[in-house]
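Below: one structure, written as structure tokens.
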Amino acid sequence: MNKPLLTLTGVAKRFDEVEALTHVDLDINSGQVIGLVGGNGAGKTTLLRLMAGVMEPTMGTILFEGKKVSTMRSKLGVVPESTGLYSRLTAWENIRYHSRMYGVPDDIAWNRVSHFANRLDLTDALSRHTKGFSRGMRQKTALLRALAHGPDILLLDEPTAGLDVTSARTVRSLVGKLRDEGGTVIYSTHHLAEAQQVCDRIVIVHNGTIRADGSPTQLLEQTGKDNLEDAYVALTSDKARARKEDNKKEGKMSKWWRRLLTGRTPNNQEVSEDE
Amino acid sequence: MSNSWRFISTIAKKEIIEFVRDWRTLLALIVIPLLIFPALFIALPLLLQSEAAELDALDLEVVWQGQINDELQLAFNESNLLFTYEEMPTGIENLSDIGDDDERLRLQEVSAIFRLTEDGNASSWKFSILFLSTSEASNEARNRILNAITIWESGVVNGTIVEAGLDPETTLDPVTWDGDINETDAATKGEQAGLVLSLFIPMVIAIWTASSAIQPSIDMTAGERERGTLEALLCLPCTRMQLLAGKWLAVATITSTGVALQIGGLLFAISYLASSSVIGVPSISIASAILLLGAVVIFAIMVVAFELALAMKAHSVKEAGSLLGPAVLFIIFPALFTQVLNLDSIEEWWFAIPLVNILLAMRELLLDRVITEHVVIWVATSVIYAGLAAWFAARQFNREDLVASIS
Chain A
1 MNKPLLTLTG VAKRFDEVEA LTHVDLDINS GQVIGLVGGN GAGKTTLLRL
51 MAGVMEPTMG TILFEGKKVS TMRSKLGVVP ESTGLYSRLT AWENIRYHSR
101 MYGVPDDIAW NRVSHFANRL DLTDALSRHT KGFSRGMRQK TALLRALAHG
151 PDILLLDEPT AGLDVTSART VRSLVGKLRD EGGTVIYSTH HLAEAQQVCD
201 RIVIVHNGTI RADGSPTQLL EQTGKDNLED AYVALTSDKA RARKEDNKKE
251 GKMSKWWRRL LTGRTPNNQE VSEDE
Chain B
1001 MSNSWRFIST IAKKEIIEFV RDWRTLLALI VIPLLIFPAL FIALPLLLQS
1051 EAAELDALDL EVVWQGQIND ELQLAFNESN LLFTYEEMPT GIENLSDIGD
1101 DDERLRLQEV SAIFRLTEDG NASSWKFSIL FLSTSEASNE ARNRILNAIT
1151 IWESGVVNGT IVEAGLDPET TLDPVTWDGD INETDAATKG EQAGLVLSLF
1201 IPMVIAIWTA SSAIQPSIDM TAGERERGTL EALLCLPCTR MQLLAGKWLA
1251 VATITSTGVA LQIGGLLFAI SYLASSSVIG VPSISIASAI LLLGAVVIFA
1301 IMVVAFELAL AMKAHSVKEA GSLLGPAVLF IIFPALFTQV LNLDSIEEWW
1351 FAIPLVNILL AMRELLLDRV ITEHVVIWVA TSVIYAGLAA WFAARQFNRE
1401 DLVASIS
């Protein structure tokens, strides 16, 4: 069996008092599309950010081909949920900025981008400022940007969130084609049906732990359920934890100021952000 | 090209391109700095001159109450005052008692009222001018009357002195300055110009650097965070220090362009004024010029790093604005205080105080004073402060919560 591209061993991530991820072990092999499935606050984005080398784990190691992932970021292509496009630059300028940072000559980046832009039906929009782009166009541009330097692994954080049916389908179709061409994609989503449609392997993340990891058939076998939705519910039956932002304690000064200036509810109760 | 420089220059280039594509930014950071001093030093005096000329040409109506004096009337020739003669009003305690005359002055029916009475022995006169201080025409009328009275009084005094058999010149001005007073200053025109410039150039540089760095600093940090572009940027294969350096280079370039244009505009205005001999062009040595440039660069490193760090600390553009606005006062106040410090007897420890040291250094250098002890202290301490500011900024850029949220 081939050596995994990305290896996560005993990875944990803590933010102050919140354990965002606990003991994550994962091997990402080349040529797979892996779906990270979980609800809001499950830890999918944190896991992706750790894999992208943007954050360091509190415990454990994340290695890309045996080396620390934060030193191997040039091998990764990342599309964060927010897409991260600059509105005063054209789509091509956005892509070129990133590809130059990866040390890719403009002509090579252009050839790669043209190839994928055709598939995404975005060729005509490459010379336009991204300011007026729809969510779908922004997502497609971010995808092109992540592909321009020819990454070994593509990390996509909820790439179809907020997209119309056609755009979501185009994105899924591109991911499918990348898989067919031997590419490796890690795809975060909270839509089980989408994961089932696109991914070879599904990793269910819940409350910062990995509840299941396998092909859709393996998940059904593991839970003894007839469909993936029931399997998901069975695996994530414990109550979802609050997100870090929801648990954030209010500072003393801020509390005093709020009490001074914030009104009360009609039944004369103090308005509190702790509630 | 090393990887590090490739990252830094690519980031800086992109930031600058993106920044200048906003026409409002160009207006605020390029056009306004370029025009502000020419407008202040050239257009404003021209406007004031034309306003003064307009006022000079005005015919003003004045009421003359009391006695008429022929010699004084002669002094009023060419004063463009149109007199109406009236009797002295009754019931006033003295000539300054405005009595019932305030109404027509307030309604500006007349520009001024001139009262004159001869003393009993005909050797002296008493007068007053009633006017409306809030009216320019009334002030102008008062000044014209006072000028005429001064001419008339001088004639009266000279006549009395001559009648007494004395020489008016030696009697009235027995102690006189010999020669041209302007030739007695050992400082050259260039040095004098340096003194004048040292009173405001450091302040202009300090205030403009601090204020013009705010917008790009916020846009490139908290703005990126708010627009969601920061995470994609942090995924790039560069270190956060390289990212910071690229952004610093962009903000410093934008800010220094603004400051350079403002100084260019200032020098243009000065050269215009120099032709009218109001102010000269400063003469400073090459060493002073190099040190001055160094001081500006160190100041920019410090201020831009400090503002980038503060802006990065903020979670939103609004929060960054609330932080940076008051923070700029910490730069403006030292700039103002530094202007009043006496450089001749200044203690050396002043050159170790953050911000004050650089501003004092700029003042000294504009006076072409290169004092080794001072230079060593301000260069050493400023490099330390600039390093601390850069370290603080680097810490902010290395914070993990720049992108943290569990989802």
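For the protein sequence lines, the chains are A and B, in the order given.
Quick note: the first sequence uses this note's numbering, first residue 1, plus one each step.
Quick note: the second sequence uses this note's numbering, first residue 1001, plus one each step.
C-beta atoms are modelled at their ideal positions from N, C-alpha and C, and glycine is treated no differently.
**Request:** Classify Ser1407 (chain B) as buried or exposed, calling it buried when 16 or more other Cβ atoms lie within 10 Å of its own Cβ.
**Result:** Confidence at Ser1407 (chain B) is low in this model, with a pLDDT of 43, below 50, so its placement is unreliable and no value can be given for it.
**Min CB distance Val1317 (chain B) to chain A below 8 Å** = no
**Prompt:** Would you say Asp1219 (chain B) reaches chain A, if we count a Cβ-Cβ gap shorter than 8 Å as a contact?
**Reply:** no
**Bridge partners - Ser1128 (chain B), DSSP secondary structure assignment** = B:Arg1115
**Item:** Spatially closest choice to Ser188 (chain A) from A:Thr166, A:Ala161 and A:Val165, by CA coordinates
**Value:** A:Ala161
**Item:** Pairwise C-alpha distance: Ile1201 (chain B) and Ile1346 (chain B)
**Value:** 19 Å
**Cutoff 8 Å; reference Leu1035 (chain B); Cβ partners in own chain excluding five residues on either side** = Gly1265
**Asked** What's the call for Tyr1085 (chain B), buried or exposed, on a 16-neighbour Cβ count within 10 Å?
**Response** exposed
**Asked** Using a Cβ-Cβ cut-off of 7 Å (strictly less than) and excluding sequence neighbours within five positions of Ala234 (chain A), which residues of its own chain qualify?
**Response** Thr223 and Lys225
**Asked** By how many angstroms is the C-alpha of Trp1005 (chain B) removed from the C-alpha of Pro159 (chain A)?
**Response** 33 Å
**Asked** If you drop the 5 nearest sequence neighbours on each side, which residues of the same chain put their C-beta closer than 6 Å to that of Met55 (chain A)?
**Response** Arg49
**Asked** Alpha carbon to alpha carbon, how far is Val78 (chain A) from Ala1043 (chain B)?
**Response** 55 Å
**Message:** Let me see if you follow: with CB-CB separation under 8 Å, is Met51 (chain A) close to chain B or not?
**Reply:** no
**Item:** For Gln1108 (chain B), the three-state DSSP class (helix, strand or coil)
**Value:** coil
**Message:** Using beta carbons (cut-off 8 Å, strictly below), is Leu89 (chain A) in contact with chain B?
**Reply:** yes
**Buried or exposed by the 16-neighbour rule on C-beta atoms within 10 Å, applied to Ile1284 (chain B)** = buried
**Prompt:** Of the choices B:Lys1313, B:Gly1321 and B:Arg1363, whose alpha-carbon is the least far from that of Ala1335 (chain B)?
**Reply:** B:Arg1363
**Request:** For my contact list, Ile1301 (chain B) and Ala1206 (chain B) are in at a C-beta cut-off of 8 Å; report their separation, rounded to the angstrom.
**Result:** Actually they do not touch by this definition, with Cβ atoms about 14 Å apart.
**Item:** Residues that DSSP places opposite Ala12 (chain A) in a beta bridge
**Value:** A:Met59
**Prompt:** Using a Cβ-Cβ cut-off of 6 Å (strictly less than) and excluding sequence neighbours within five positions of Thr7 (chain A), which residues of its own chain qualify?
**Reply:** Asp27 and Leu63
**Request:** Quickly, what does DSSP pair Ile204 (chain A) with across the bridge? List them, please.
**Result:** A:Val37 and A:Ala212
**Request:** Can you grab the Cα-Cα spacing for the pair Leu1249 (chain B) / Gly1228 (chain B), in whole Å?
**Result:** 22 Å
**Asked** How many Å lie between Met137 (chain A) and Thr184 (chain A) at the Cα?
**Response** 23 Å
**Asked** Rounded C-beta distance between Ala91 (chain A) and Ala125 (chain A)? I'm assuming under 8 Å.
**Response** 6 Å
**Message:** Within a Cβ cutoff of 8 Å, which residues of the same chain sit near Arg201 (chain A), ignoring the five residues on either side of it in sequence?
**Reply:** Gln32, Val33, Ile34, Gly35, Asp213, Gly214 and Ser215
**Asked** Which residues, in chain order, does the segment 9 to 23 of chain A contribute to contact with chain B at a C-beta distance below 9 Å?
**Response** Lys13, Phe15, Val18, Ala20 and Leu21
**C-beta atoms of Ile1218 (chain B) and Val1317 (chain B) nearer than 8 Å** = yes
**Asked** Based on Cα-Cα distance, which residue from B:Leu1360, B:Leu1146, B:Ile1098 and B:Gln1065 lies nearest to Leu1199 (chain B)?
**Response** B:Leu1360
**Request:** Determine contact between the segment 1308 to 1316 of chain B and the segment 1395 to 1403 of chain B, defined as no fewer than three beta-carbon pairs at a distance below 8 Å.
**Result:** yes
**Message:** I want to see whether chain A comes within less than 8 Å of Arg1240 (chain B), judged by CB atoms only; does it?
**Reply:** no
**Asked** For Ala148 (chain A) versus Val113 (chain A), is the C-beta distance shorter than 8 Å?
**Response** yes
**Asked** What residues in its chain sit with their C-beta under 7 Å from that of Glu1307 (chain B), if we drop five residues either side in the sequence?
**Response** Ala1213, Ile1214, Ser1217 and Leu1324
**Prompt:** So what does Leu156 (chain A) bridge to, in DSSP terms?
**Reply:** A:Val79 and A:Tyr187
**Message:** I'd like to confirm the pairing. Which residues does DSSP put opposite Tyr1085 (chain B) in its beta bridges?
**Reply:** B:Trp1064
**Message:** If you reduce the DSSP assignment to three classes, tell me which class Asp274 (chain A) lands in.
**Reply:** Note that Asp274 (chain A) scores a pLDDT of 47, beneath 50, so its modelled location is shaky and nothing firm can be said.
**Asked** So, is Asp1368 (chain B) buried or exposed, given that buried needs 16 or more other C-beta atoms within 10 angstroms?
**Response** buried
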